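J.:
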Amino acid sequence: MTSFVDSPNGVFPSVCSLDCPDQCGLLLHKENGKIVKVEGDPDHPVTKGFICNKVRNMTERLYDEKRLKYPMKRIGAKGEGHFEPISWDEAINTITAKWKDLLQTEGAESILPYSFYGNMGNLAAEGMDRRFFHRLGASKLDRSICNSAGAAGYKYTMGASFGIDPEDTIHSKLFIFWGINAVSTNMHQVSLAQQARKQNGAKIVVIDVHKNQTARFADWFIPILPGTDTALALGLMHILFAEDMVDEPFMDQYTVGHEELRKHVEQYDPITVSSITGVPVEDILKLARMYGQTSPAFLRIGNGPQHHDNGGMFVRTVSCLPALTGQWLVKGGGAIKGNSAYLAFNTANLQRPDLQANKNTRVINMNLLGEALLTLDPPIKSLFVYGTNPAVVAPAGNKVRKGLEREDLFTVVHDLFLTETAKYADIVLPATSSFENTDFYTSYWHHYIQLQQPVIESYGESKSNVEVFRLLAKGMDFTEKAFEETEAELIDQALDLRSNPSIEQIDFEVLSKKQYVKAKVEFPTELPTPSGKIELYSEKMKQDGYPALPTYIPLVNDSDHPLQFIAGPNHNFLNSTFANQDKHTRLEKEPEIVLNQFDADQAGVKDGDRVRVWNEQGECILIASVGENVLRGVAVTQGLWGADQDTKHLVNSLTPDRIADMGGGATFFSGKVSISKY
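Residue numbers for the sequence shown follow the numbering used here, beginning at 1 and rising by one.
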């Protein structure tokens with residue numbers, strides 16, 4: 001097979017590696033061995049050649065002069081960012097010598113891997129690295145910062161991450177984007193909605209705390225108070241039952257608990273729900289009737305509301321709505337929270353948990369990194385960070401950075417850039433981009449598995465995660481064959497025929513010929529819930545200590561600060577990725593905080609003022625954007641601006657590190673702040 005790397009000129013297939021549901025097919029244009037242009041693949045069945053601004057400008061990231069070229073060791077104080085180049089041999093020897101010493105003196109659990117999906121390639125994110133840390137016996141990381149609360153809630157209702165095929169949503173006549181700024185985070189679902197709007201006269205409704213780009217695109221924007229989405233969903237159920245807009249035959253055949261739910265939601269009348277949510281009574285009635293009387297009706301369930309104290313219960317609740325109206329049986333009807341269960345692969349084959357001798361190794365929730373670094377006993381003595389930037393991304397950021405300052409913490413960071421986290425490292429390792437790797441990708445929205453083969457040579461001396469952990473395994477004297485296997489072998493093991501009937505005809509050879517392959521997807525007739533049905537009433541929830549029926553539980557109120565603080569995504573960054581690229585920061589201009597006119601007046605703040613935003617955890621300085629784009633009592637900022645701009649822009653300094661109601665999830669959006677003119 002001809003290597004793409006060996007061809008200095010031409011156009012080559014690729015896939016976007018960013019943590020985004022769309023996972024676009026790409027075409028990379030090469031001249032003289034360098035990528036000069038990134039465009040969408042017009043033949044991709046879902047993404048069809050359209051790509052976002054982030055990916056369109058990817059070449060600037062690939063060849064940024066700030067990109068790391070060789071390993072480095074720290075020569076200054078932690079956080080200052082002073083390093084000198086070293087060889088790979090010295091880097092690996094330094095790391096493994098330290099770890100061998102820790103194994104003898106502190107034990108394997110003193111070492112913690114800290115990673116997430118900065119690169120969504122399955123080998124990059126959960127392949128050789130997992131094998132290595134299992135074999136080492138290190139503390140395990142509960143990677144629950146993103147969607148774990150919602151995944152747990154959805155599982156109680158639906159059993160697993162099953163939704164409809166997004167390609168079918170061109171038939172939908174009603175789209176409800178609930179808590180998702182899809183224009184910025186799921187643009188091809190917006191494209192499908194626009195197509196349905198033109199072809200079917202489909203209506204597009206957005207429910208969110210902020211009049212963002214998706215809200216402005218919608219036919220109807222419904223602003224809601226943060227953390228009250230569960231109450232609105234229950235209010236819709238109240239009206240659906242009361243006005244006989246439910247599908248009784250569907251509920252009888254495919255659900256359990258609908259009679260219990262009918263009685264339970266009587267308490268969530270429109271007046272009560274309006275007082276909780278800030279949504280007017282007439283709008284609650286209008287939305288319920290629109291949903292109950294329109295078919296096909298589609299719910300796109302977003303990540304936003306699940307980043308609250310009650311986030312798991314919200315997703316558990318809203319996922320009941322398509323069952324009440326029988327929309328799961330209508331082409332283009334139903335919902336998508338995620339579709340990852342359709343493309344589930346053999347994680348045990350890939351990650352090899354059998355290599356771990358101690359099955360009771362401690363587990364540390366990644367949302368509690370700051371607390372863990374400062375208070376855990378026995379302490380964490382070494383941290384290996386890859387695929388994420390916790391100094392900016394993790395909640396309670398000041399606590400995290402204080403933990404990273406510990407002189408007795410031996411920290412290694414593997415990344416493309418000297419990130420804010422890398423500045424605290426003892427050893428920094430240069431990472432390849434996804435376009436320099438072999439890997440396979442499984443979307444959590446559409447139904448295609450995709451292959452990435454290297455298109456360009458590794459940048460400088462950079463190495464992939466697979467290569468790094470092979471070297472570390474050798475340095476630790478691990479002799480198992482599991483650490484010698486090639487990327488192609490890893491992919492075939494992950495796509496083992498027994499793992500998932502939907503992907504049983506897909507392997508490395510097939511992917512290398514076709515680039516992307518659609519799984520054989522059918523919505524399951526029997527769900528993997530205890531009853532095999534949609535569980536409107538969940539005995540499992542009751543056993544786990546939750547209400548068996550969907551229930552509104554208010555946010556934790558442990559603060560006297562007046563404003564609910566929402567630190568959501570912006571259009572040109574993806575978490576902290578791209579926040580260090582000049583072009584992207586210019587496009588975003590400055591970090592803003594969106595305020596209601598009433599709250600601004602109360603604080604003596606005018607539009608365009610610099611504003612001090614603070615709570616007990618720290619403070620930020622942001623630019624006020626004043627108007628009616630949020631309800632009273634709400635403050636929204638967008639984007640994780642890095643410390644390269646200004647340490648006073650690190651908004652996760654203000655976010656709580658409480659754990660959500662389910663799945664160990666983050667509660668980024670349940671913090672409170674005060675404001676004043678700066």
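Backbone N, C-alpha and C define an ideal beta-carbon position, used for all residues, glycine too. Note that the structure is predicted; figures quoted are calculated from it, not measured.
Flag this pair as yes or no: are the beta carbons of N212 and N181 separated by less than 8 Å?
T.: Position 212 of the sequence shown, counted from the start, is the residue given in the question as residue 212. Position 181 of the sequence shown, counted from the start, is the residue given in the question as residue 181. Yes. Within cutoff.
J.: According to DSSP, simplified to helix, strand and coil, what is M1?
T.: Within the sequence shown, numbered from 1, the residue matching residue 1 stands at position 1. Low local confidence applies: a pLDDT of 48 at M1 is under 50, so the model's placement there is unreliable, with the coordinate-based value given in what follows. Of the three classes helix, strand and coil, the one that applies to M1 here is coil, per DSSP.
J.: How do the segment 223 to 238 and the segment 271 to 291 stand: do at least 3 beta-carbon pairs fall below 8 Å, yes or no?
T.: Taking 8 Å as the limit for Cβ pairs, the verdict is that the segment 271 to 291 does touch the segment 223 to 238.
J.: For F417, which three-state DSSP category applies?
T.: In the sequence shown, counting from the first residue as 1, residue 417 sits at position 417. In this structure, F417 counts as coil in the three-state DSSP scheme.
J.: Considering only residues of the segment 315 to 357, which uninterrupted alpha helix (DSSP H) runs meet the minimum length of 4 residues and lie entirely inside it, listed in chain order?
T.: Listed in chain order, the complete alpha helix (DSSP H) runs (minimum 4 residues) inside the segment 315 to 357 are 321 to 324, 347 to 351.
J.: Can you tell me whether DSSP reads K648 as helix, strand or coil?
T.: Counted from its first residue, the sequence shown places residue 648 at position 648. Three-state result, K648: helix.
J.: Work out the CA separation of D165 and R683 for me, nearest whole Å.
T.: Because residue 683 is not part of the residues shown, which for the chain are 1 to 678, the question remains open.
J.: Check the DSSP bridge columns for H29 and list the partner residues they point to.
T.: Mapped onto the sequence shown, residue 29 falls at position 29. Per DSSP, V11, K37.
J.: Do the segment 591 to 599 and the segment 615 to 633 meet, that is, are 3 or more Cβ pairs less than 8 Å apart?
T.: Yes, since at least three Cβ pairs between the segment 591 to 599 and the segment 615 to 633 fall closer than 8 Å, the two stretches touch.
J.: Contact between the segment 256 to 267 and the segment 137 to 156 is defined here as three or more beta-carbon pairs at a separation below 8 Å; is this criterion met?
T.: Result no; under three Cβ-Cβ pairs closer than 8 Å.
J.: Give the secondary structure of D247 by DSSP, where H, G and I count as helix, E and B as strand, and everything else as coil.
T.: As a working mapping, residue 247 is identified with position 247 in the sequence shown. D247: coil per DSSP, three-state reduction.
J.: For Q638, count the other beta carbons within 10 Å of its own beta carbon; 16 or more makes it buried, fewer makes it exposed. Which is it?
T.: The count along the sequence shown starts at 1 and reaches residue 638 at position 638. It counts as buried.
J.: Helix, strand or coil for Y424? Go by DSSP, reduced to three states.
T.: Reading the sequence shown from its first residue, position 424 is the one you call residue 424. DSSP places Y424 in helix when its eight states are reduced to three.
J.: Determine the DSSP secondary structure at Y70, reduced to helix, strand or coil.
T.: Residue 70 sits at position 70 when you count from the first residue of the sequence shown. The answer is coil: DSSP assigns Y70 none of H, G, I, E or B.
J.: Expressed to the nearest angstrom, what Euclidean distance is found between the alpha-carbon atoms of P42 and P13?
T.: Looking up residue 42 in the sequence shown gives position 42. Looking up residue 13 in the sequence shown gives position 13. Roughly 11 Å separates the two Cα atoms.
J.: Within 10 angstroms of its Cβ, does G460 collect 16 or more other Cβ (buried), or is it exposed?
T.: Locating residue 460 in the sequence shown gives position 460, where the first residue counts as 1. Exposed: under 16 other Cβ atoms inside 10 Å.
J.: Applying the 10 Å Cβ sphere with the 16-neighbour rule, what's the burial state of K198?
T.: In the sequence shown, counting from the first residue as 1, residue 198 sits at position 198. Exposed, because fewer than 16 other Cβ atoms sit within 10 Å of the Cβ of K198.
J.: Could you compute how far the alpha carbon of H649 sits from the alpha carbon of R612?
T.: Position 649 of the sequence shown, counted from the first residue, corresponds to residue 649. Position 612 of the sequence shown, counted from the first residue, corresponds to residue 612. Straight-line Cα distance between these residues: approximately 10 Å.
J.: Quick one, are the C-beta atoms of L355 and R131 less than 8 Å apart?
T.: Taking the sequence shown and counting its residues from 1, one reaches residue 355 at position 355. Taking the sequence shown and counting its residues from 1, one reaches residue 131 at position 131. A contact, by the Cβ cut-off of 8 Å.
J.: For my contact list, E707 and D657 are in at a C-beta cut-off of 8 Å; report their separation, rounded to the angstrom.
T.: Past the boundaries of the shown model lies residue 707; the chain is included only from 1 to 678, so the question cannot be answered.
J.: Could you work out which residue in K513, T228, D247 is closest to S274 when comparing CA atoms only?
T.: Along the sequence shown, read from residue 1 onward, the residue named residue 274 stands at position 274. Answer by Cα proximity: T228.
J.: Could you give the distance in angstroms between the alpha-carbon of L536 and the alpha-carbon of F669?
T.: In the sequence shown, residue 536 corresponds to position 536, counting from 1. In the sequence shown, residue 669 corresponds to position 669, counting from 1. Whole-angstrom Cα-Cα distance: 27 Å.
J.: What separation, rounded to the nearest whole angstrom, lies between the Cα atoms of G618 and C146?
T.: Residue 618 sits at position 618 when you count from the first residue of the sequence shown. Residue 146 sits at position 146 when you count from the first residue of the sequence shown. The straight-line gap from Cα to Cα measures roughly 23 Å.
J.: Would you report the Cα separation of F508 and D492, rounded to the nearest angstrom?
T.: Against the sequence shown, residue 508 aligns to sequence position 508. Against the sequence shown, residue 492 aligns to sequence position 492. C-alpha separation (whole angstroms): 6 Å.
J.: With DSSP as the reference, please indicate the residues paired to I675 in a beta bridge.
T.: For the purposes of this step, residue 675 is taken as the residue at position 675 of the sequence shown. Partner(s): V613.
J.: Given a cut-off of 8 Å, decide if V5 and P454 are closer than it, judged by their beta-carbon atoms.
T.: As a first step, residue 454 must be located in the sequence shown, where it is residue number 454. As a first step, residue 5 must be located in the sequence shown, where it is residue number 5. Against a cut-off of 8 Å, the Cβ pair of V5 and P454 comes out as a contact.
J.: What are the start and end residues of each continuous beta strand (DSSP E) run of 3 or more residues lying completely inside the segment 447 to 525, in chain order?
T.: Complete beta strand (DSSP E) runs here, min 3: 448 to 452, 516 to 518.
J.: Check the DSSP bridge columns for T637 and list the partner residues they point to.
T.: In the sequence shown, the residue the question calls residue 637 occupies position 637. BP columns for T637 point to A567.
J.: Per DSSP, T230 forms a beta bridge with which residues?
T.: Looking up residue 230 in the sequence shown gives position 230. For T230, which the question treats as bridged, DSSP gives no partner whatsoever.
J.: Is the separation between the beta-carbon of G163 and that of F250 shorter than 8 Å?
T.: Residue 163 sits at position 163 when you count from the first residue of the sequence shown. Residue 250 sits at position 250 when you count from the first residue of the sequence shown. No; because the gap between Cβ atoms is not below 8 Å, this pair is not in contact.
J.: I'd like the list of long-range same chain contacts for K78, defined as Cβ closer than 6 Å, with 5 residues on each side in sequence excluded.
T.: Stepping through the sequence shown from its first residue, residue 78 is reached at position 78. For K78, where only same-chain residues beyond five positions count, the Cβ hits under 6 Å are E405, Y424.
J.: When the Cα of E420 is compared with those of A579, R61, E39, which residue comes out closest?
T.: The sequence position of residue 420 within the sequence shown is 420, counting from 1. Closest by alpha carbon: A579.
J.: Can you name the start and end residues of the beta strand (DSSP E) that E592 belongs to?
T.: Along the sequence shown, read from residue 1 onward, the residue named residue 592 stands at position 592. It spans 592 to 596 - the beta strand (DSSP E) in which E592 sits, taken as one unbroken run.
J.: Identify, in the order they occur along the chain, each residue of the same chain with its Cβ nearer than 6 Å to the Cβ of K34, setting aside the five sequence neighbours on each side.
T.: If you number the sequence shown from 1, residue 34 lands on position 34. Cβ within range, chain order: n/a, list empty.
J.: So which of N53, L26, T157, A335 has the shortest CA-CA distance to T573?
T.: The sequence position of residue 573 within the sequence shown is 573, counting from 1. As written in the sequence, residue 573 is Phe, which differs from the Thr given in the question. Of the listed residues, the one whose Cα sits closest to F573 is N53.
J.: Please classify P71 as buried or exposed, where buried requires at least 16 neighbouring CB atoms within 10 angstroms.
T.: As a first step, residue 71 is located in the sequence shown; it is residue number 71 there, counting from the start. Classification of P71: buried, given that the 10 Å Cβ count is 16 or more.
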